[in-house]
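Undergrad: Dumping the structure here so I can ask a few things about it.
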Amino acid sequence: MYLKDFEIRWSDIDANRHLANSAYQNYMSHTRMAFLMELGFNQKTLAENEIGPVVFYEHIYYFKEVFPGKPIKVSMEIMGMSEDAMFFEFHHNFYNHKGENFARCEMMGAWMDLKTRKLTGLTNDFLT
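Residues in the sequence shown are numbered from 4 upward in steps of one, following the numbering used here.
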């Protein structure tokens, strides 16, 4: 399981003064890309291979409000991947400063060839 720490910023809060729905999505995206970058999927490598990740859905389940002032953690787990690594499923969990799970997400995505604009699997260079 990959974990990323975040500080809730003023811009992450909505009119109800709790963490905005869009902030959850931004934190998950940041966590996924940080994980992928650590595996060598950085902007340079993605550009050289003309591929990019796309999201089909993010199903978010909210359990408890969270407010600014305390750090949070976002986890990411790879739950599944197609044989050619074209499709992938990640799960995210959100934890408050006490370690309590306040939200979770099931995410499904794929890789897209940026030249053809069609879905593509990953080459063996990425899978080894």
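Note that the Cβ used here is the ideal one computed from N, Cα and C, for glycine as well. Because the structure is a prediction, the values reported are computed rather than measured.
Please confirm if the stretch 4–23 is in contact with the stretch 53–72, defined as three or more CB-CB distances below 8 angstroms between the two stretches.
TA: These segments touch.
Undergrad: Report the residue from Val58, Ser85, Met36, Glu61 whose alpha carbon sits nearest the alpha carbon of leucine 49.
TA: Met36
Undergrad: Can you tell me whether isoleucine 81 is buried or exposed, with buried defined as 16 or more other CB within 10 angstroms of its CB?
TA: exposed
Undergrad: Report yes if the C-beta distance between leucine 130 and methionine 89 is below 7 angstroms; otherwise report no.
TA: no
Undergrad: What is the DSSP secondary structure of lysine 121, counted as helix, strand or coil?
TA: strand
Undergrad: Using only CA atoms, which one of Gly83, Tyr5, Lys7, Tyr30 lies nearest to isoleucine 16?
TA: Tyr30
Undergrad: First and last residue of the beta strand (DSSP E) that includes glutamate 80?
TA: Counting along the chain, the unbroken beta strand (DSSP E) around glutamate 80 starts and ends at 75–84.
Undergrad: Taking its Cβ as the centre, do 16 or more other Cβ atoms sit within 10 Å of methionine 40, making it buried, or is it exposed?
TA: Flag for methionine 40 reads exposed.
Undergrad: Just confirm the distance between the C-beta atoms of alanine 106 and tyrosine 65, as a whole number of angstroms; I'd bet it's less than 8 angstroms.
TA: 5 angstroms
Undergrad: Taking only three categories from DSSP, how would you classify glutamate 41?
TA: In this structure, DSSP gives glutamate 41 a helical state, which the three-state scheme calls helix.
Undergrad: By alpha-carbon positions, which one of Thr126, Phe97, Thr119, Asn127 ends up nearest to serine 32?
TA: Comparing Cα-Cα distances from serine 32 to each of Thr126, Phe97, Thr119, Asn127, the minimum goes to Phe97.
Undergrad: Looking only at C-alpha atoms, which of Ser25, Leu6, Gly55 sits nearest to glycine 124?
TA: Out of Ser25, Leu6, Gly55, Gly55 has the C-alpha closest to the C-alpha of glycine 124.
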